[in-house]
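Engineer: Chains as they are written, first to last, in the numbering used here: chain A, 1 to 103; chain B, 1 to 402.
Where is the CB? At the ideal position from N, CA and C, for every residue including glycine.
Note that the structure is predicted; figures quoted are calculated from it, not measured.
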C-alpha cells in the first residue's frame, strides 16, 4: 500500500526510476529532462549522472564510490549529497526501490 | 486539471521546474517556445453528465472528431516540434475505440502519455492493453467519496463503484494513479474522506480542484458555489493533509479564485505555455477558449502546421504577454505574475475577454460579481443542470440524471 512508497534512502538502498519517471534527452531544447506525471523536471548535470546510475542494482554506496573516484572528492560529502537529492525525489514519488516481487 | 505544469511545482534541491529552467535560457523573442505538454481532447462524448464539465456548452459531435490517422499525424507532429507529454482527455477518451492505438503511437514517437478519464468505461483488459501500449500515468476523476453524492453529481448510476474498481486495477498494473477530485459546495463536506480514499486507493497524487466557473459550471454556479466558511475549512484540511501525507500522497490544490484577492495565472498566461486540441482539431489556448465569441481558432486540418498556429495565429497572439492589457492591469505590478487572470472568465462575466478578470479585486466589476456569488452560495439552490449534447437537462426531484 501507499505507505510502502514512503522510502527512506540510505547507503544500502538500490533505487531506480519508476515507470512513470522517465529520464530523457530533449533534442529540441538540448537538455536532459525527467518526465513525471503532470511535470517536467530539468535535472542538473550531476543529478543526471546520479539518476543514470539508479538501475535498481547499484546501491547508493556504490554510486558514492564511483563518483568519489571519478571526481577525486571526499566520499562522505558525495554520499550525503546523493542521499539528499534522491530522498527529495523519493518524497515526491519519482524514485522507487528495487524490492523482491511478492507473489 | 487546468494547472498542467503550473510553476511552483518544483522538485526541490537539485532538479528544478523544467519550464522555469528552459524559459530562463531563452531570448525574449523565443519566450513562447513550444509547450512541454499538450492536452488532446479526443472526444466530447462522455457517459457522465457532471454539471461543472470543462467542455464548452457547444460540444463537438462525434462525426466532427479527428480520425485515427489525423490524431496520429498530430502526435507525430507534436513530438517533432518538442512537445514532451501528451494528456489524453475528453469528454471521455476511452469512448474512442482507437485509444490503445493512439497511446501506442504516442509511445512510438517518444511522447510521455497520461490518461485523464472518468474510468467508467474501462475494463481490466482495456487498461492492461493501454499499459502495454506504454501509458505512463492514469488520472481518474471522482465526484465524492461514496455513491450517494458521487453518482448524483456524475449523473450516472454505479459510476462511483466502477471508478473505485478501475482505480484498483490501475495500481495492480503498477501504473501511477492520480485521483482528481473536483470540489464544490455540494461535496466539500467530503474532502477529508476523499483524501483518505485516495490514500486507500494507493494513489500517488491527489488533485483537489475547486470548480472553475465558466461554461457548464457557470450555468450551475448557484448550485456549486462554495461558501466562504467551506473555503476556509478546505484550506485547513488540505494544509494539514499535505504535511501528514508527505511521501505518501502528493496533493495539488487548485484554489477557487472567486474568493481570492488576485486572479489565477490562468493557463500560465494566454498562449505562453499551454495549448489543447479539441475533438474537431482546433488548436486552443485553453479548453474553454471557444466560449469567447469573436476569436477565430485555427485547425490542425488547415494547411498550417501546429507550430505556425501556436506562434502566429491571431487567436494566440491577441492576449499574449502584457501589451494587450487595459488598466488597471497595464500599470499593475502583478501583471507578469498573473497575466491579467483568465480571459474566458473575463469574457463570461464582463462580455469582453480583454477586460481585467473580475476575480481581481482591482477590477471595477469585482464587487458586483463576487457579492452575487456569495449570495448564490448562501441561497442553497442545489438543483443541477446536467451536461449533455442537448444543451443540458435539469435535475428532477428525487431522481438524479442517471
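Which residue wins for smallest C-alpha separation from residue 194 (chain B), given the options B:221, B:217, B:219, B:251?
Structural biologist: Checking every option, the nearest Cα to that of residue 194 (chain B) belongs to B:251.
Engineer: Drop a sphere of 10 angstroms on the beta-carbon of residue 71 (chain A), count the other beta-carbons inside from all chains shown, and report buried for 16 or more, exposed for fewer.
Structural biologist: By the neighbour-count rule (16 or more Cβ atoms within 10 Å), residue 71 (chain A) is not buried but exposed.
Engineer: Could you tell me if residue 77 (chain A) is buried or exposed, where buried requires 16 or more neighbouring beta carbons within 10 angstroms of its beta carbon?
Structural biologist: That one is exposed.
Engineer: Could you check what DSSP says for residue 385 (chain B) in three-state terms: helix, strand or coil?
Structural biologist: Strand.
Engineer: Let me see if you follow: with CB-CB separation under 8 Å, is residue 250 (chain B) close to chain A or not?
Structural biologist: For residue 250 (chain B), the answer is yes, since a Cβ of chain A falls inside 8 Å of its Cβ.
Engineer: Quick check: the Cα distance between residue 42 (chain B) and residue 91 (chain B), rounded to an integer number of angstroms?
Structural biologist: Answer to the nearest angstrom: the Cα atoms are 7 Å apart.
Engineer: Using 10 angstroms around the beta-carbon of residue 148 (chain B), count the other beta-carbons present and answer buried if the total reaches 16, otherwise exposed.
Structural biologist: Answer is exposed; the Cβ neighbour count stays below 16.
Engineer: Return the chain-ordered ranges of every beta strand (DSSP E) run that is complete within the region 134 to 164 of chain B and spans a minimum of 3 residues.
Structural biologist: DSSP runs (the beta strand (DSSP E)) wholly in the region 134 to 164 of chain B: 137 to 142.
Engineer: Three-state secondary structure (DSSP) at residue 32 (chain A)?
Structural biologist: Of the three classes helix, strand and coil, the one that applies to residue 32 (chain A) here is strand, per DSSP.
Engineer: Within the same chain, show all residues whose beta-carbon is closer than 6 Å to that of residue 176 (chain B), passing over the 5 residues directly before and after it, in chain order.
Structural biologist: 137, 204, listed in sequence order.
Engineer: Between residue 116 (chain B) and the rest of its own chain, which residues show a CB-CB distance below 6 Å, the 5 nearest in sequence each way excluded?
Structural biologist: 87, 89, 139, listed in sequence order.
Engineer: Mapping DSSP to helix, strand and coil, what is residue 235 (chain B)?
Structural biologist: DSSP places residue 235 (chain B) in helix when its eight states are reduced to three.
Engineer: Going by DSSP, what residues sit across from residue 258 (chain B) in a beta bridge?
Structural biologist: Answer is none; residue 258 (chain B) lacks a bridge partner.
Engineer: Using a Cβ-Cβ cut-off of 8 Å, state whether residue 236 (chain B) counts as contacting chain A.
Structural biologist: Closer than 8 Å: no.
Engineer: Just to confirm the assignment, what range does the beta strand (DSSP E) spanning residue 94 (chain A) have?
Structural biologist: First-last for residue 94 (chain A): undefined, no H or E at that position.
Engineer: Between the alpha carbons of residue 62 (chain A) and residue 8 (chain A), how many angstroms are there, rounded?
Structural biologist: If you take the alpha carbons of residue 62 (chain A) and residue 8 (chain A), they lie about 17 Å apart.
Engineer: Using a Cβ-Cβ cut-off of 7 Å (strictly less than) and excluding sequence neighbours within five positions of residue 381 (chain B), which residues of its own chain qualify?
Structural biologist: Result list for residue 381 (chain B): 222, 223, in chain order.
Engineer: Quick check on DSSP: helix, strand or coil for residue 80 (chain B)?
Structural biologist: Residue 80 (chain B) falls in the helix class under three-state DSSP.
Engineer: Using DSSP bridges, identify the partner residues of residue 55 (chain A).
Structural biologist: Answer by DSSP bridge pairing, in chain order: A:16.
Engineer: Under 8 Å, Cβ to Cβ, is there at least one residue of chain B near residue 65 (chain A)?
Structural biologist: Residue 65 (chain A) does not count as touching chain B.
Engineer: Mind the definition here: the region 124 to 133 of chain B touches the region 95 to 110 of chain B only if three or more C-beta pairs lie below 8 Å; say whether that holds.
Structural biologist: Output reads yes: the region 95 to 110 of chain B touches the region 124 to 133 of chain B.
Engineer: Would you please state the rounded distance, in angstroms, between the beta carbons of residue 297 (chain B) and residue 35 (chain B)? I believe it to be under 8 Å.
Structural biologist: Actually they are not in contact, since the Cβ atoms of residue 297 (chain B) and residue 35 (chain B) sit about 16 Å apart, beyond 8 Å.
Engineer: Does the contact criterion of 3 or more C-beta pairs under 8 Å hold for the region 300 to 316 of chain B versus the region 275 to 286 of chain B?
Structural biologist: With the cut-off at 8 Å, the region 300 to 316 of chain B and the region 275 to 286 of chain B touch.
Engineer: Have a look at residue 258 (chain B) and residue 25 (chain A) and give me their C-alpha separation to the nearest angstrom.
Structural biologist: Looking at the two C-alpha atoms, the distance is approximately 41 Å.
Engineer: Does DSSP classify residue 83 (chain A) as helix, strand or coil?
Structural biologist: Helix, per DSSP.
Engineer: Are the CB atoms of residue 201 (chain B) and residue 179 (chain B) within a distance shorter than 8 Å?
Structural biologist: Yes, these two residues count as a Cβ contact at 8 Å.
Engineer: For residue 88 (chain A), which of helix, strand or coil comes out of DSSP?
Structural biologist: Residue 88 (chain A) falls in the helix class under three-state DSSP.
Engineer: Consider the Cβ of residue 22 (chain A): report whether some Cβ of chain B lies at a distance smaller than 8 Å.
Structural biologist: True, the Cβ-Cβ gap to chain B drops below 8 Å.
Engineer: When the Cα atoms are used, what is the spatial distance from residue 112 (chain B) to residue 364 (chain B)?
Structural biologist: Each residue's alpha carbon lies about 43 Å from the other.
Engineer: In terms of alpha-carbon separation, which member of B:263, B:305, B:361 lies closest to residue 81 (chain B)?
Structural biologist: Cα-wise, what sits closest to residue 81 (chain B) is B:305.
Engineer: Going by alpha carbons, who is nearest to residue 388 (chain B) out of B:39, B:55, B:33, B:40?
Structural biologist: The residue with the shortest Cα to Cα distance from residue 388 (chain B) is B:55.
Engineer: If you compare alpha carbons, which of A:74, A:17, A:33, A:64 is closest to residue 44 (chain A)?
Structural biologist: When only C-alpha atoms are compared, the closest one is A:33.
Engineer: Should residue 74 (chain B) go down as buried or exposed, given a rule of 16 or more other Cβ atoms within 10 Å for buried?
Structural biologist: Residue 74 (chain B) comes out buried.
Engineer: Mind reading off the beta-carbon distance from residue 344 (chain B) to residue 288 (chain B)? Whole number of angstroms is fine, and I expect it under 8 Å.
Structural biologist: Between residue 288 (chain B) and residue 344 (chain B) the Cβ distance is about 4 Å, and since that is below 8 Å, they are a contact.
Engineer: Pairing CB atoms from the region 225 to 239 of chain B with CB atoms from the region 46 to 62 of chain B, are three or more of them under 8 Å?
Structural biologist: With a cut-off of 8 Å, the region 46 to 62 of chain B and the region 225 to 239 of chain B do not count as touching, because too few Cβ pairs lie within range.
Engineer: DSSP beta-bridge partners for residue 252 (chain B)?
Structural biologist: Partner(s): B:207.
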